[in-house]
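So the structure is just underneath, and the comments pick up after that.
See below:
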């Protein structure tokens with residue numbers, strides 16, 4: 261019904277946090293008179309790796325939003341979600357968001373954590389091979 | 009069926025990204041398809057928990073509708089990808105045209 265709104269909320273929160281962190285990082289680098297690209301390019305920082313998570317969340321949510329429009333669950337006019345018109349449908353929608361929506365957000369985050377772990381192991385392996 | 013179509017698209021795009029590289033920003037499609045596949049996987053589990061064996065024997069009408077939806081989702085993703093590609097212009101085609109036009113106007 262509107263389960264994709266939970267991943268959208270997570271993606272929004274992470275995007276905002278990353279933008280603030282990047283802004284602060286740039287501020288610190290300019291105060292130290294250091295080129296931030298020189299510091300960031302050799303090792304991908306955690307901050308840049310959050311791009312993977314937001315890409316998965318925004319990309320998936322976009323396609324799911326299309327599916328919801330297809331099924332007539334999302335409309336371009338107020339209240340935008342058809343389930344908001346009746347209290348019964350609203351409670352059903354909230355239940356779906358709490359179960360499926362949170363499940364989606366958790367699964368995508370877990371997969372991203374797995375990607376991070378694999379990436380870290382590969383980086384360590386490469387470093388040890390070079391040494 | 010929608011999950012299957014999107015999952016197949018994700019695998020094909022990842023293969024293309026791995027073999028041909030990301031010159032045409034194919035990673036945009038990979039992120040979209042993998043993200044949607046994971047999300048629909050949760051939906052599929054929830055539906056399976058509700059329907060059990062019936063989940064694997066959908067009616068012909070449902071399958072046709074889901075196939076149509078899956079194909080439309082793939083086309084929607086392709087439209088997003090082509091817009092992203094043209095906006096970022098990784099091969100610099102628009103920039104080259106712009107600079108060529110600038111040169112011509114300077115000569116005139």
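Protein chains in written order, with the working numbering: chain A, 261 to 391; chain B, 9 to 116.
For every residue, glycine included, the Cβ atom is placed at its ideal position computed from N, Cα and C.
Quick caveat: nothing in here was measured; it's all calculated off a predicted structure.
Of the listed residues the options, nearest to residue i (C-alpha basis)
{"i": "residue 312(A)", "options": "71(B), 68(B), 43(B)", "result": "43(B)"}
{"i": "residue 269(A)", "options": "347(A), 375(A), 364(A), 351(A)", "result": "364(A)"}
{"i": "residue 15(B)", "options": "111(B), 64(B), 75(B)", "result": "75(B)"}
{"i": "residue 357(A)", "options": "89(B), 87(B), 50(B)", "result": "50(B)"}
{"i": "residue 78(B)", "options": "114(B), 33(B), 45(B), 109(B)", "result": "45(B)"}
8 angstroms CB neighbourhood of residue i in its chain, flanking five on each side removed
{"i": "residue 341(A)", "result": "261, 262, 333, 334, 335, 353"}
{"i": "residue 31(B)", "result": "98, 99"}
{"i": "residue 66(B)", "result": "9, 74"}
Cβ-based neighbour list, residue i, same chain, cut-off 6 angstroms, excluding 5 preceding and 5 following
{"i": "residue 40(B)", "result": "85"}
{"i": "residue 361(A)", "result": "263, 266"}
{"i": "residue 302(A)", "result": "In this prediction, residue 302(A) scores a pLDDT of 44, lower than 50, which makes its location untrustworthy; the coordinate-derived value is nonetheless stated afterwards. Cβ neighbours of residue 302(A) beyond the five flanking positions: none."}
{"i": "residue 281(A)", "result": "307"}
{"i": "residue 371(A)", "result": "none"}
Whole-number beta carbon distance between residue j and residue i, since they are thought to touch under 8 angstroms
{"i": "residue 81(B)", "j": "residue 10(B)", "result": "7 angstroms"}
{"i": "residue 36(B)", "j": "residue 70(B)", "result": "That belief does not hold up - the Cβ atoms of residue 36(B) and residue 70(B) are roughly 30 angstroms apart, past 8 angstroms."}
Chain E contact residues for residue i, given Cβ-Cβ distances below 9 angstroms
{"i": "residue 68(B)", "result": "Among the protein chains in the structure shown, which are A and B, there is no chain E."}
Own chain partners of residue i with C-beta closer than 7 angstroms, once the 5 adjacent residues on each side are dropped
{"i": "residue 367(A)", "result": "none"}
{"i": "residue 271(A)", "result": "314, 317, 318, 321"}
{"i": "residue 63(B)", "result": "55, 56"}
{"i": "residue 310(A)", "result": "274, 278"}
{"i": "residue 103(B)", "result": "97"}
{"i": "residue 325(A)", "result": "264, 334"}
>> Using 8 angstroms as the cut-off, can you tell me whether the region 89 to 101 of chain B makes contact with the region 57 to 65 of chain B, which would need three or more C-beta pairs spanning the two stretches below that distance?
In response: no
> Is the number of C-beta pairs between the region 22 to 36 of chain B and the region 383 to 391 of chain A that are closer than 8 angstroms three or more?
Replying inline: no
> In chain order, which continuous runs of the alpha helix (DSSP H) of length 4 or greater are located wholly inside the region 313 to 388 of chain A?
Replying inline: Annotation note: the region 313 to 388 of chain A contains the following uninterrupted alpha helix (DSSP H) runs of length 4 or greater, listed N- to C-terminal: 347 to 356.
>> To test your reading of the DSSP string, which unbroken alpha helix (DSSP H) runs of 4 or more residues are found completely within the region 56 to 106 of chain B?
In response: Annotation note: the region 56 to 106 of chain B contains the following uninterrupted alpha helix (DSSP H) runs of length 4 or greater, listed N- to C-terminal: 68 to 96.
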